[in-house]
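*Asks:* In my numbering, the protein residues as written are 5 to 151.
Every residue gets a Cβ at the ideal spot worked out from N, C-alpha and C, and that includes glycine.
Here's a structure for you.
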């Protein structure tokens, strides 16, 4: 018997490839976000360490030049932290966008997979009906010969 294939296999294959690409893009964006978040944490920890160090030195007495140096470094560190927070926020949005595109690709693929499964089920049912009809015909012919 002639076996009919799923006519949309190429489209399904394409959608599977698109989903793979979207997964890779999502993973890369998530990795980039995690690296930026870790860097932000390090920057904040360093700023906290600097503040503690400054408070300790201030308690014992500090020279004006050291005070100026701490103030300058603290301003620079605060600016770095603000910039890194913006970067983390931006990357978080990027991760969410990549997640959405991945979900869309997965839905598109799932629709075709479901359609393919239904099509295969229908084909199997049609084949079973044809086989039943063929076997019934053979049984009828045999019973006609036996009489």
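Please state whether the Cβ-Cβ distance between residue 105 and residue 26 is less than 7 Å.
*Replies:* The answer is yes: Cβ separation under 7 Å.
*Asks:* Which residues bound the alpha helix (DSSP H) around residue 11?
*Replies:* Element bounds for residue 11: n/a, residue is neither H nor E.
*Asks:* Identify whether residue 148 lies in helix, strand or coil by the three-state DSSP scheme.
*Replies:* Here residue 148 sits in helix by DSSP.
*Asks:* Out of 66, 147, 59 and 88, which one is the CA nearest neighbour of residue 40?
*Replies:* For the residues 66, 147, 59 and 88, the minimum Cα distance to residue 40 belongs to 88.
*Asks:* On a CA-only basis, which of 149, 24 and 32 is nearest residue 95? Give me that one, please.
*Replies:* Selected option, being the one with the closest Cα: 32.
*Asks:* Would you kindly check if the distance between the Cβ of residue 18 and the Cβ of residue 120 is under 7 Å?
*Replies:* Their beta carbons are not under 7 Å apart, which means residue 120 does not touch residue 18 by this criterion.
*Asks:* Apart from the five residues just before and just after residue 4, which ones in its own chain have a Cβ nearer than 8 Å to its Cβ?
*Replies:* Lying before the first or after the last residue shown, residue 4 is absent from the chain, which here runs from 5 to 151.
*Asks:* Between residue 34 and residue 16, what straight-line distance do the alpha-carbon atoms span, to the nearest angstrom?
*Replies:* If I take the Cα positions, the gap works out to 27 Å.
*Asks:* Measuring CA to CA, which of 117, 146, 91 and 99 is closest to residue 13?
*Replies:* Considering only alpha carbons, the answer is 117.
*Asks:* Taking the alpha carbon of residue 24 as the reference point, which residue from 123, 111, 132 and 124 has its own alpha carbon closest?
*Replies:* Out of 123, 111, 132 and 124, 111 has the C-alpha closest to the C-alpha of residue 24.
*Asks:* Is the beta carbon of residue 113 sitting closer than 7 Å to the one on residue 20?
*Replies:* Contact: yes.
*Asks:* Measure the Cβ-Cβ separation of residue 92 and residue 44 and say whether it is below 7 Å.
*Replies:* Cβ atoms of residue 92 and residue 44: closer than 7 Å.
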